[in-house]
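Report on the structure given below.
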Amino acid sequence: MSLILFAFVVRVRDGLPLSASTDFEHNRELQERKQQLRTISKALARFPDRGTVKGQQLNIYFVSSEGVSYMTVCHCSLPVAKAFCFLEDLRWEFTACFNSTVVALAARPYPFLEFDGTIQKLKQQYNQSGGPALEVTLAEVQEDLRIHPPQVINLDEVELSNGTANGHMEQGPGSGQNQRLEPVTAPGILSLVLNIMCASLNVIRGVHLIEYTFQDDYDGVWNVVAFLLAFICCVFQCHLYLFHSSLKKLKSFTLLSVIVLCNLFLFGMRNAWQLIFHISVASLSTVLILNRKLQDRTNDCGV
């Protein structure tokens, strides 16, 4: 069984991936750890030089030096000292091949693909022998870890602080539209068309009533208000579906509640089937708004 499953080299200042080992295993936890590597790589500048993230069966370890971080996913049965020995050997191999200037000038992901072979050889060496070639290296690392233990990283805090960068937490008002949502679906297009239809019916009836209300029946002003308020809510439902917004759930249910109340108030001016139509369209829009998530930009890091 392989104890070192994945290795990843990344630039600290911006999380640009420089090189990575070829992935031959596809278990679920490994894929989760690789996604977590992407999250951690975006926040490396705030972390100490050494750290670890504990998992159920797989742990993440990383070492940062001279603007480059060396990260690995290992089985929990692998001793911590051997994991950091692997990272130190990886660091020595990388610095022997690439200087800091070349790393700093890298502009695209994975510019050092030729280094992947070196990572694979080093992984194979550790997986077959169970540790570094020299026992003195292991002893030195064990002593260093005893004096300066690596920081245990709480991944929840990392994702919270890094939410703006990786798109996993909602933004404050005014910035939500910069987030990329999943593509609009066919049901979404249908709900937009129906919502526009409902909005048009509401505003037409409302404007039509204004003339008669202010001439003959001042008591009907509340009917005008109900029509126009329902119109505004339909427009905002379309906006919520098309653009990301903070407090989306609260806003969605508030709009739905107002539309339902307005239509119930208009009972008598609309028959039961018309009320069912308007409320059904609003309910469908609410469901689709809540189900349309932020797009998972996993290609940013390619992990």
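Remember, the numbering used here sits 1 above the position in the sequence shown when you count from 1.
Ideal Cβ positions, reconstructed from N, Cα and C, are used throughout, including at glycine.
Fair warning: this is a prediction, and the values are worked out from it, not measured in the lab.
| Item | Value |
| --- | --- |
| Does PHE340 pass the burial test, meaning 16 or more other C-beta atoms within 10 Å, or should it be called exposed? | Lying before the first or after the last residue shown, residue 340 is absent from the chain, which here runs from 2 to 304. |
| Let me check one thing: in DSSP terms, what residues is LYS9 bridge-paired to? | With the sequence shown as reference, residue 9 is identified as Phe, and Lys is not the correct amino acid for it. PHE9 is bridged to ALA21, MET72. |
| What is the rounded straight-line gap between the Cα of GLN58 and the Cα of LYS83? | 16 Å |
| Between PHE99 and HIS240, what straight-line distance do the alpha-carbon atoms span, to the nearest angstrom? | 49 Å |
| Apart from the five residues just before and just after VAL225, which ones in its own chain have a Cβ nearer than 6 Å to its Cβ? | GLY207, LEU210, ILE211, THR214 |
| Looking at the secondary structure, which residues open and close the beta strand (DSSP E) in which SER66 lies? | 59-66 |
| Cutting at 7 Å between CB atoms, please list the residues of its own chain near GLU1, excluding the five before and the five after it. | With the chain represented from 2 up to 304, any question about residue 1 goes unanswered, as that position is not in the structure. |
| Per DSSP, what are the beta-bridge partners of PHE268 in this structure? | ARG271 |
| Starting from VAL54 and walking both ways along the beta strand (DSSP E), at which residues does that stretch end? | 51-54 |
| Helix, strand or coil: which one does DSSP assign to VAL185? | coil |
| For LEU114, collect the residues of the same chain with a Cβ closer than 8 Å to its Cβ; drop the 5 residues on either side in sequence, then sort them by chain order. | SER20 |
| Use the C-beta contact count for LEU251: other C-beta atoms within 10 angstroms, 16 or more gives buried, fewer gives exposed. | exposed |
| Let me make sure I understand the geometry here. Which of SER281, LEU91, ASN60 has the alpha-carbon closest to that of VAL153? | ASN60 |
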